[in-house]
Amino acid sequence: MTTTTSAPSLADVTASDAALRRFLHGLPGVDQVGAEARAATLATRSIKTTAKRFALDLAIRMVDLTTLEGQDTPGKVRALCAKAQRPDPTDPSCPPVAAVCVYGDLVPVAVEALRGSGIRVAAVATAFPSGRAPLEVKLADVRAAVEAGAEEIDMVIDRGAFLAGRYLAVHDEIVAVKEACGDAHLKVILETGELATYDNVKRASWLAMLAGADFVKTSTGKVSPAATLPVALVMLEAARDFRDRTGRRVGVKVAGGIRAAKDAIRYLVIVNETCGDDWLTPDAFRFGASSLLNDLLMQREKTVTGRYAGPDHFTLD
Amino acid sequence: MFEYAPAPESRSIVDIAPSYGLFIDGEMVDPIDGHPFKTVNPATEEVLSEVVAAGPADVDRAVAAARRAYEEVWSRLPGRERGKYLFRIARLVQERSRELAVLETIDNGKPIRESRDVDLPLVAAHFFYHAGWADKLAYAGFGPDPRPLGVAGQVIPWNFPLLMLAWKVAPALATGNTVVLKPAETTPLTALAFADICRQAELPPGVVNIVTGAGDTGRALVEHPGVDKVAFTGSTEVGRQIARSLAGSRKKLTLELGGKAANVVFDDAPLDQAVEGIVNGIFFNQGHVCCAGSRLLVQESIAEELLERLKRRLRTLRLGDPLDKNTDIGAINSQAQLDKIRTLSEIGEQEGAERWSPPCELPERGYWFPPTVFTGVSQAHRIAREEIFGPVLSVLTFRTPAEAVEKANNTPYGLSAGVWTEKGSRILWMAQRLRAGVVWANTFNRFDPTSPFGGYKESGFGREGGRHGLEAYLDV
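One line per chain: the protein sequences are A and B, in this order. Residue numbering for the first sequence follows my numbering, starting at 1 and increasing by one per position. Residue numbering for the second sequence follows my numbering, starting at 1001 and increasing by one per position.
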């Protein structure tokens, strides 16, 4: 869509708290009933045979294989990295995942384990998952992860500031983190479960994109509800509209609670019918998940052999 | 490219007989003076079956059966007992919903996604809802013991064959009337399947009678002296004929006729959902909807942006095999309807409106028309005034809320309207001024058996659904 002449230049909208508020609150609203109905309709798409095979392989290539537990150890991360490179050891045609996502202190382990594989190392940072720390601490967290070799940083926004209406504070923090990232890609976690309304999801998406996010991401996985189809729809619509305005493609990552291949395919349908081909790539859409991968593999094998293998035929890492 | 592979619903679940008789007095019977005609699948032009165009003697027989059932059985049953039959029918509809959805799609041309997710759930809901009313009529506000009218002659259209049957049959039976129903000429098969459900439910013979046929059969039915109540859904033209022929008779009449609904989008609307509402308003069921939002009234300040968004959305619509579970736009119901849509669209172009359709390939066989948008339409254009009853949207603009109301009401019809704005007070302001039977706010084409539906002006009179809908079948 072409930029309408009446639209203000986006450079000005972050000039002050008032300007940013005016801009975000001037975005067309999201009708909850309508957005949920649209997502539900798209969820009825029937993806079969060749389309299913395509979608499963694409979904595998979009997975950020994730472990974010207090009990994570180097051994656990190495096992995950091995799985990321060869998700299905019995089938060389199975593609690798997009990235491995860990806490900052385990980045060196992942970098070592994934060297030369082409799989990216992502680290959560900025006092993940709550984001409740002074900015200097958050930035130090980011710099440490990047210095250790993380190519992607998953930051959390300051939801408290957002809900209090201090949009510029949220914006400036993202800008600062983006700067600290250097060449690393920045994914901005909105934690949509805490933002509660679709209007907020839309505003937070725009806010993050204006601040330079490479990706907007739904959730930390530590708050329920995490990713939902309508939330993804609203974020994808925002990303689509942002590109119409600026020419820049911002990716979308859905994370938390996506365990079934069927659900992953539903997300891909929404991507397909909202943003189209340009977002159907690991460069622009990701699944943050751990157990999802095995269901994708199980369904993938079924499309090849016509039979389901038992869960013990897929590695637990 | 994420191409969806074909995902056709299996048609093995339906069993279409090579020919059907008429359902009279609880049995399928051969016609007395009717003659056979063929019903086709509009998506392929394949002949599905041979049905009967009932003649006057057949109609007479059906009305006599309904009268007998009314006097001897149905009007004497306590409401609680009538309710049991209706509950049973509702459950049978649910149990057989996949079969009925496939059959509806084959006979009508509508996408299976719609017959499965909209038509059939609503059919069951209408029977359940009215089953609940059957023993509570004393509390409906029509006196302590409202009486039925007698025999209802009902004529329904082809756009929602089974759903319109449910809208007619469920309230009639709940209130204690018996029924002779004529389904549309091009879509008789689900009504005949419903006859089987009546038998399965062990409904007393003659309570529901189904006579297939075209206009002549319908005329014989509504003009039959043994009919106490006529309910018709269809074109305004036929509705006028019926009203004329019934004038001066004791028969009670309700008409649900055409429409040319305005879908009004203000500049503060939730735009992405408004686009969905516009699509759902005019492209749902190929626009074969009497309350379709066929006129888009958009505030001039956002017209350009909204149209861009709408066009992008229309490019994702999937037109094709109605049985494919991913199809959004199915076939036009008949050659005659296709001709009418084509003619009016050509007139739209001749009158100077700009025509646009997304790139889409139409199947070679069957009756098809692409989703079409006309911009630069004014109130004077025929496409802004006449009901097209197809997937054709006319786009007009307005500047102020008062102008929106004026334009929305400037039509002989008044069935429905839509308002899109995030401002609640404006929704109420508009709803008070729009002369339409239904005003949808931030949605469109939503139906529920508890909500009365019906028209203003030349869109007809009488209500279907809700407490108000009972009145049409009660002697009040």
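The beta-carbon is built from N, C-alpha and C at its ideal position, and this holds for glycine as well. All values derive from a computational prediction rather than experimental measurement.
Bounding residues of the alpha helix (DSSP H) (the contiguous stretch that carries residue i)
i, result
"A/Asp154", "A/Asp154 -> not in any alpha helix (DSSP H); beta strand (DSSP E) instead, spanning Glu152 to Val156."
"B/Thr1343", "Gln1335 to Gln1350"
"B/Glu1403", "Pro1401 to Asn1409"
"B/Trp1356", "It is not in any alpha helix (DSSP H) - B/Trp1356 instead sits in the beta strand (DSSP E) that spans Glu1354 to Trp1356."
"B/Lys1168", "Pro1161 to Ala1174"
"B/Leu1306", "Glu1300 to Leu1314"
"A/Lys83", "Pro74 to Gln85"
"B/Gly1293", "Looking at the DSSP string, B/Gly1293 is not in any alpha helix (DSSP H), and its letter there is neither H nor E."
"B/Tyr1129", "Leu1120 to Trp1133"
"A/Val146", "Leu135 to Glu147"
"B/Asn1108", "Ser1097 to Asn1108"
As assigned by DSSP and simplified to three states, the class of residue i
i, result
"A/Arg21", "helix"
"B/Ile1016", "coil"
"B/Asp1228", "coil"
"A/Asn200", "helix"
"A/Lys253", "strand"
"B/Asn1551", "No answer is possible for residue 1551 of chain B: the residues shown for chain B start at 1001 and end at 1476."
"A/Lys346", "Past the edges of chain A, shown from 1 to 317, lies residue 346 of chain A, and the structure says nothing about it."
"A/Tyr167", "helix"
"B/Glu1027", "strand"
"B/Gly1234", "coil"
"B/Phe1453", "strand"
"B/Ala1417", "strand"
"B/Glu1464", "strand"
"B/Val1377", "coil"
"A/Gly272", "This sequence places Asn at residue 272 of chain A; Gly is not what is there. Helix."
"B/Phe1398", "strand"
"B/Asn1285", "helix"
"B/Asp1324", "strand"
"B/Thr1178", "strand"
"B/Thr1190", "helix"
"B/Phe1389", "coil"
"A/Val102", "strand"
Per-residue contacts from residue i into chain B (C-beta, under 7 Å)
i, result
"A/Leu292", "Under the 7 Å cutoff, chain B gives no residues; its nearest Cβ is about 18 Å from A/Leu292."
"A/Ile47", "Tyr1004"
"A/Gly348", "There is no way to answer for residue 348 of chain A, as the model of chain A reaches only from 1 to 317."
"A/Phe54", "Phe1002"
"A/Glu237", "Asp1272"
Per-residue contacts from residue i into chain B (C-beta, under 9 Å)
i, result
"A/Gly34", "Pro1270, Asp1272, Gln1273, Ala1274, Glu1276, Gly1277, Asn1442 and Thr1443"
"A/Arg38", "Asp1272, Gln1273 and Glu1276"
"A/Thr90", "Ordered by position in chain B, no residue passes the 9 Å Cβ test against A/Thr90, which lies about 26 Å from the chain."
"A/Leu280", "Met1001 and Phe1002"
"A/Thr50", "Glu1003 and Ala1005"
Per-residue contacts from residue i into chain A (C-beta, under 7 Å)
i, result
"B/Met1001", "Asp277"
"B/Glu1422", "Gly29"
"B/Arg1113", "Thr44"
"B/Thr1316", "Glu273"
Residue i: first and last residue of the uninterrupted beta strand (DSSP E) it sits in
i, result
"A/Asp383", "What is shown of chain A runs 1 to 317, which leaves residue 383 of chain A out entirely."
"A/Ser290", "First-last for A/Ser290: undefined, no H or E at that position."
"B/His1035", "His1035 to Asn1041"
"B/Leu1253", "Lys1252 to Glu1256"
"B/Trp1074", "Per DSSP, B/Trp1074 belongs to no beta strand (DSSP E) and is neither H nor E."
"B/Glu1050", "Glu1046 to Ala1053"
"A/Gly193", "That residue, A/Gly193, is in no beta strand (DSSP E); its alpha helix (DSSP H) goes Thr192 to Leu195."
"B/Arg1318", "Taken as a continuous stretch (DSSP letters only), B/Arg1318 belongs to no beta strand (DSSP E), as it is neither H nor E."
"B/Trp1440", "Val1438 to Ala1441"
For residue j and residue i, believed in contact at Cβ under 8 Å, the rounded distance
i, j, result
"A/Val216", "A/Ser205", "5 Å"
"A/Cys101", "A/Gly288", "6 Å"
"B/Ser1425", "B/Val1392", "At roughly 33 Å, the Cβ-Cβ gap does not stay under 8 Å, so B/Ser1425 and B/Val1392 are not in contact."
"B/Ala1053", "B/Thr1217", "6 Å"
"A/Pro129", "A/Thr220", "4 Å"
"B/Thr1178", "B/Val1151", "6 Å"
8 Å Cβ cut-off: residues of chain C touching residue i
i, result
"A/Thr246", "Of the chains in the structure shown, none is chain C; the protein chains are A and B."
Interface residues of chain A facing residue i [CB-CB closer than 9 Å]
i, result
"B/Asp1117", "Thr41 and Thr44"
Chain A contact residues for residue i, given Cβ-Cβ distances below 8 Å
i, result
"B/Asn1285", "Within 8 Å Cβ-Cβ: nothing; B/Asn1285 doesn't reach chain A, min ~14 Å."
"B/Asn1326", "Arg45 and Ser46"
Within chain B, partners of residue i - CB distance below 8 Å
i, result
"A/Leu268", "Phe1002"
*asked:* Closer than 8 Å is the cut-off here; do at least three beta carbon pairs connect the segment 1074-1086 of chain B with the segment 1286-1301 of chain B?
replied: The segment 1074-1086 of chain B makes no contact with the segment 1286-1301 of chain B, as fewer than three CB pairs between them are under 8 Å.
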